[in-house]
Amino acid sequence: MDDLDASSPEVMRTFYRRLYPFKSIFNWLNHQPVPTRLFTHREFSFTLPQDVYLRYNSFNTVEDLKKQVCLLAPTRFEIGPVYTARPKDKKTVRPGAFKPLQRELVFDIDMTDYDSIRTCCKDAAICKRCWGFIAAAVRVLDTSIRDQFGYQHLLWVYSGRRGIHLWISDKEALSLTDEQRRALVNWMMAVQPGKGKEVGKVIARSGTKPLPPCLQFALSELAEVFSDIILNDQDCFGSEEGYDALLHLIPDSKVAENLREKWSTGPYRTSEDKWSDLKNQIKKYPKGTSQRPILTSAMEDIILLYTYPRLDAEVSKHRNHLLKAPFCVHPKTGRVCVPVDPSLIDDFDPEMVPTVGQLLRELDAAGSQNENGMEHHSDWESTSLKPYVDIITKHAQSLMEDVRRGKRETDTTTW
Ligand SMILES: [Zn+2]
5 MDDLDASSPE VMRTFYRRLY PFKSIFNWLN HQPVPTRLFT HREFSFTLPQ DVYLRYNSFN
65 TVEDLKKQVC LLAPTRFEIG PVYTARPKDK KTVRPGAFKP LQRELVFDID MTDYDSIRTC
125 CKDAAICKRC WGFIAAAVRV LDTSIRDQFG YQHLLWVYSG RRGIHLWISD KEALSLTDEQ
185 RRALVNWMMA VQPGKGKEVG KVIARSGTKP LPPCLQFALS ELAEVFSDII LNDQDCFGSE
245 EGYDALLHLI PDSKVAENLR EKWSTGPYRT SEDKWSDLKN QIKKYPKGTS QRPILTSAME
305 DIILLYTYPR LDAEVSKHRN HLLKAPFCVH PKTGRVCVPV DPSLIDDFDP EMVPTVGQLL
365 RELDAAGSQN ENGMEHHSDW ESTSLKPYVD IITKHAQSLM EDVRRGKRET DTTTW
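Taking this note's numbering, the leading residue of the sequence shown gets 5, the next gets one more, and so forth.
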């Protein structure tokens, strides 16, 4: 057992005091150097050991937040919406007048929703290979959100275990109502993940109509992912259980029966072999027959079903949803919830993310070289947390630059 365990309040206190990048978190949430309502009216909630949960905390300054976090040493803390009043004054505000106003638009993708299709790991386990599902989801979602909604300030954060969060901080995104969030996430949900062993279903297609244009566009990239991950790396249709799930998705009992016969009695066929067997069966229907487009659509749906981002929609729908703050430590793995650059998502390895124990040891090693023993606010600079802090610092700077530019433009308007 690591002596620098994330379950120890002392370890967590040192982490918060010396490594947690409060300043960058503040800039990211507040968009300006001086506290605005985006910070002062923002809810923070704390989870303490023994599952004590403290809600409706708010702070005037980032120093106050840091002081409280270091005092409580929570196992984690979460960030909620900006309310009409300061959350700490909730009890003194007239009932009904305390409402959530703004918050980042958030998305959550978790490996749990891929359990029915991944073959390399089970339950809580995750490896570089099944991370491929998450990486593909990030690529597709990052592109389609930028292209379809024009949002620019996207921050991706590894959840510390087996998922990833997306925080969108564009001004328009912050102001979306719950209804608009629901509509947006429903639009993005092309696939409904199944429960237990069920693969799930495609919900983006209405009847036998073609897919909406944005999905047709995504399909060419997803087809590549399908070939790389589903057919080759994961060999999803290799086992009987795997190909059984595939056969259930084919809306033609004759084709499905022929394939079952071939795969269950003949020599082993890889997923790639099986996929070309399916293509060959479809080609037996001449062009112009009604079965041909039905089966082609079914193949598109299978690609979507196995590769399209699987979203935990409930997280996105409500402004008052609380989401774990970036740079918290996952209590089970000890790993820090670090930001991830989406353009490097394929190289990201969740098992290489620094743990709190590792960081404190690095800090000790750096400290013993430091003669004067002074403690700095940016102690993370001498640890492997640095590249991740750099991501959020840069991200926050671009947000702040946008706000400065917006202000300048308003100031110079003469009409
Ligand atoms: Zn795996």
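Where a beta carbon is used, it is the ideal one built from N, C-alpha and C, also for glycine.
Residue 162 is bridged by DSSP to 168. The DSSP assignment places 217 to 229, 244 to 251 as complete runs of the alpha helix (DSSP H) inside the stretch 184 to 261, in order along the chain (cut-off: 4 residues).
Counting every other CB atom within 10 Å of its CB across the protein chains shown gives residue 18 a total of 16 or more, marking it as buried. Membership of residue 298 in the alpha helix (DSSP H) is indicated by the continuous run 295 to 311. It is roughly 28 Å from the alpha-carbon of residue 83 to the alpha-carbon of residue 131. Secondary structure at residue 109: strand, using DSSP grouped into helix, strand and coil. By the Cβ neighbour-count rule, residue 236 is exposed, with fewer than 16 other Cβ atoms within 10 Å of its own. Annotated as proximal: residue 87 and residue 47, with beta-carbon spacing under 8 Å.
By the neighbour-count criterion, in which 16 or more other beta carbons inside 10 Å mark a residue as buried, residue 356 falls on the exposed side.
Taking the Cα of residue 80 as reference, the smallest distance to any Cα among 329, 202, 388, 181 is reached at 329. Contact check for residue 226 and residue 144: beta-carbon distance about 7 Å, within the 8 Å limit, so the pair qualifies. Closer than 7 Å to some heavy atom of ligand 1: that describes the Cβ of residue 130. Proximity of the beta carbon of residue 134 to ligand 1 is indicated: a heavy atom of the ligand is located closer than 7 Å.
Around the CB of residue 272, fewer than 16 other CB atoms lie within 10 Å, so the residue is classed as exposed.
Beta-bridge partners assigned by DSSP to residue 30: none are found.
By the C-beta density criterion, residue 37 is exposed, having fewer than 16 other C-beta atoms within 10 angstroms.
In this structure, residue 341 has its beta carbon at no less than 7 Å from each heavy atom of ligand 1. By the neighbour-count criterion, in which 16 or more other beta carbons inside 10 Å mark a residue as buried, residue 181 falls on the exposed side. Taking 8 Å as the upper bound for CB-CB distance, residue 402 and residue 157 are in contact here, some 7 Å apart.
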